[in-house]
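Step one of this worksheet: look at the structure below.
Numbering (UniProt numbering), first residue to last: 1 to 268.
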């Protein structure tokens, strides 16, 4: 067999926008970096949405808002620091979106915290931090979104960021895998409760979406191993995950709720 058949595939060309989210207001957590959240904020703006971002890093939030405002207009992007372990900060983020744009249509719960530790060596603090950001933070934001959408009588959309580790095992990732499996279960249960109100709740499940921060905190050996497992022989670009989030937030997925969509060949 030709050895080129096993060569890593190149990332496809960036996909042009089609106004899939025109005139909709979105809140996105952990969206001030170079990863999936930042890529999602950009894709939403390209698709016509008004975006309010939250991020635990105050300086990075300010810089991201300023850069996106210069490109897309200050009337379409805003943001404040938001630590999803604090319900009051989540409320302030949603208040900002409603104050600026009058209503809320889409919420993307992207905030998550990773780490690596063998279970026998893992401290309570390590476990609690990962679960509090990744699972509890998603719960707090989903709860706030549902309360506001139901009160306003609006048919909105919530998209949660899960992970293939919610399905499969990886040594040293018990806390993160447990939290992401919890996000999947939360998504399914929230979807059933939200459906009578016309609100959809889905999740996206990526594997390896490489960005500068991840490259800094992950060993080259592990990155190489994870990349080799992927069917395409390469990592995903953050915008490729963001494209699926756009789909789940748009009318193209109008009959989907309670689903977790894998963006990886490693879902089992």
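Glycine included, every Cβ here is placed at the ideal spot set by N, Cα and C. Just so we're clear, the structure is a prediction, and the values are computed from it rather than from any experiment.
Proximal residues to residue i (C-beta, below 6 Å), its chain only, five neighbours per side dropped
i	result
residue 182	135
residue 310	Look at the range of the chain in this structure, 1 to 268, and you will see that residue 310 is not part of it.
residue 30	37, 55, 110, 111
residue 247	253
residue 61	32, 55, 79, 81
residue 127	175
residue 72	45
residue 238	35, 36, 39, 209, 211
residue 255	none
The ligand NAD heavy atom lying under 7 Å from the CB of residue i
i	result
residue 88	This structure lacks the ligand NAD; in fact it carries no ligand of any kind.
Cβ shell of residue i (< 7 Å), same chain only, five flanking positions each side left out
i	result
residue 132	85
residue 77	45, 51, 65, 68, 69
residue 96	52, 78, 80
residue 119	174
residue 15	243
residue 257	191, 195, 200, 201, 202
residue 23	48
residue 57	32
residue 184	162, 166, 203, 260
residue 98	104
residue 100	52, 78
residue 87	140
residue 188	258
Status (buried if at least 16 other CB within 10 Å, exposed otherwise) for residue i
i	result
residue 59	exposed
residue 216	Annotation note: pLDDT 49 at residue 216 (below 50); position unreliable, no value reported.
residue 142	buried
residue 144	buried
residue 42	buried
residue 169	exposed
Beta-carbon proximity of residue i to residue j, cut-off 8 Å
i	j	result
residue 155	residue 106	no
residue 159	residue 39	no
residue 220	residue 263	no
residue 234	residue 11	yes
residue 108	residue 26	yes
residue 130	residue 113	yes
residue 240	residue 208	no
Given residue i as reference, the closest of the options once Cα atoms are compared
i	options	result
residue 148	92, 258, 252	92
residue 166	108, 172, 177	177
residue 157	209, 245, 62	245
residue 63	98, 87, 34	34
residue 180	164, 255, 229	164
residue 28	71, 87, 94	94
Whole-number beta carbon distance between residue j and residue i, since they are thought to touch under 8 Å
i	j	result
residue 197	residue 140	In fact, because the Cβ distance is near 19 Å, the residues do not count as touching under 8 Å.
residue 117	residue 172	6 Å
residue 272	residue 260	Within the shown structure, residues of the chain are numbered from 1 to 268, placing residue 272 beyond reach of any answer.
residue 152	residue 204	Residue 152 to residue 204, Cβ: 25 Å. No contact.
Own chain residues within Cβ distance below 8 Å of residue i, not counting five before or after
i	result
residue 251	20
residue 18	47
residue 103	25, 152, 154
residue 193	146
residue 122	174, 175
residue 115	126, 129, 130, 175, 176
residue 124	none
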